[in-house]
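Inspection log for the structure reproduced underneath, given as structure tokens.
Residue numbers (this note's numbering): 106 to 508.
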């Protein structure tokens, strides 16, 4: 088995501020590439290479495997900046960039298979529990077709969701994530035709009866209980967080960048737009100014909530304390709510910008479409979380444990 290759020199790891500065420096370039990203239905390979060179994919990766093992807020700040340039790119980074965290939770043997030869290896996913699983000696046979595997063409491995059937007639199925190398699956790149987030490259993955050893599976219940095999070797407080809390924010945080881009676009349009019918300047429209101000204020509020959430979570992790279920359910609800809230805020601006907003050349159009596409992700539906928030307030166990 390959051994871990740790970063031993502190000066080889950039600071969090430096990583965020690198991401912000990419915003103009990502804006220039956004049209090609959308039309090609994938993030340009050059952008992936530049993010690799900048070290972005190492932020949540264990130091013992060449990563930076940083506070999650650094990861999300980088994601927000990238998404301000191109929300598709920011979304892809959030999904692919959070997977080093989950790989760190797998058995050590699986970590070595992914990173043993190349610590820059990338992993995609689709957690839809749609696979057919057959238990066999030493592991499982897996088949199926999964949609929404963001960034899959840029990755050498994939994590796929499926239910292991119960061993007893009255038993419950066991939700797991299955880790497969690129040789074990195909990618259908002709299925991702959508109205927003087109550039995420969220293609279909096809698996035809392949063997997945036991050590390349991650049980959902282990992620919920924060008792994962990988914690035996990755012993830092970071890896004691609930896996779901990390992943959920990875599919909602790109919306902050999209919303910021939309706010900038609304200000840009308002600065020069004068209605040909009324002769009124948009820059003097109190209703539009109120919509822009409200969007800025509420996005800022949600950003502060995100930052405080992970300060709180990391505080529990550092102290070695269990996170109260009341907080876990609330934080999951907050994460599920932000994309819809931001889409509504941008709606309010768009409807006040008149005909200037409806052209394909309008700078507000793509982030508006992207935000509405982002609402469709199951993790961004707050209705899935309301019952558990109320139950936790009464001291009851959650019904949905991906939190």
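We put the CB at the ideal spot given by N, CA and C, even for glycine.
Residue of the options minimising C-alpha distance to residue i
| i | options | result |
| --- | --- | --- |
| residue 458 | 480, 177 and 379 | 379 |
| residue 195 | 410, 232, 162 and 311 | 162 |
| residue 119 | 172, 148 and 139 | 172 |
| residue 240 | 284, 479 and 317 | 317 |
| residue 341 | 496, 258 and 420 | 420 |
| residue 328 | 168, 346, 197 and 279 | 346 |
| residue 307 | 254, 272, 323 and 289 | 254 |
| residue 249 | 174, 280 and 310 | 310 |
| residue 282 | 326, 129 and 365 | 326 |
| residue 339 | 126, 142, 167 and 127 | 167 |
| residue 408 | 446, 389 and 391 | 446 |
| residue 212 | 500, 332, 396 and 501 | 332 |
| residue 297 | 284, 252, 274 and 291 | 252 |
| residue 244 | 474, 165, 469 and 285 | 285 |
| residue 436 | 109, 413, 260 and 483 | 413 |
| residue 452 | 396, 491 and 227 | 396 |
Residues bridged to residue i [DSSP beta-bridge criterion]
| i | result |
| --- | --- |
| residue 49 | This structure cannot settle anything about residue 49, because the visible part of the chain is limited to 106 through 508. |
| residue 318 | 244 |
| residue 131 | DSSP, once it has assigned bridges, lists no residue as partnering residue 131. |
Same chain, Cβ closer than 7 Å to residue i, five either side skipped, listed in chain order
| i | result |
| --- | --- |
| residue 505 | 489 and 493 |
| residue 498 | 431 |
| residue 289 | 312 and 315 |
| residue 142 | 148, 149, 191, 193, 194 and 304 |
Short Cβ contact (9 Å threshold) for residue i with residue j
| i | j | result |
| --- | --- | --- |
| residue 264 | residue 207 | yes |
| residue 210 | residue 335 | yes |
| residue 294 | residue 146 | yes |
| residue 229 | residue 204 | yes |
| residue 133 | residue 415 | no |
| residue 320 | residue 215 | yes |
| residue 185 | residue 365 | yes |
| residue 139 | residue 350 | no |
| residue 323 | residue 368 | no |
| residue 304 | residue 148 | yes |
| residue 246 | residue 235 | no |
Length of the line joining the Cα atoms of residue i and residue j
| i | j | result |
| --- | --- | --- |
| residue 353 | residue 440 | 7 Å |
| residue 312 | residue 258 | 15 Å |
| residue 220 | residue 180 | 20 Å |
| residue 187 | residue 272 | 45 Å |
| residue 198 | residue 157 | 10 Å |
| residue 382 | residue 390 | 14 Å |
8 Å CB neighbourhood of residue i in its chain, flanking five on each side removed
| i | result |
| --- | --- |
| residue 479 | 192, 196, 301, 302, 356, 357, 359, 360, 363, 444, 448 and 485 |
| residue 393 | 371, 375, 387, 454, 457 and 458 |
Same chain, Cβ closer than 6 Å to residue i, neighbours up to 5 away in sequence not counted
| i | result |
| --- | --- |
| residue 135 | 190, 191 and 194 |
| residue 279 | 269 |
| residue 287 | 261 |
Min CB distance residue i to chain D below 9 Å
| i | result |
| --- | --- |
| residue 140 | No chain D appears in this structure, which consists of one protein chain only. |
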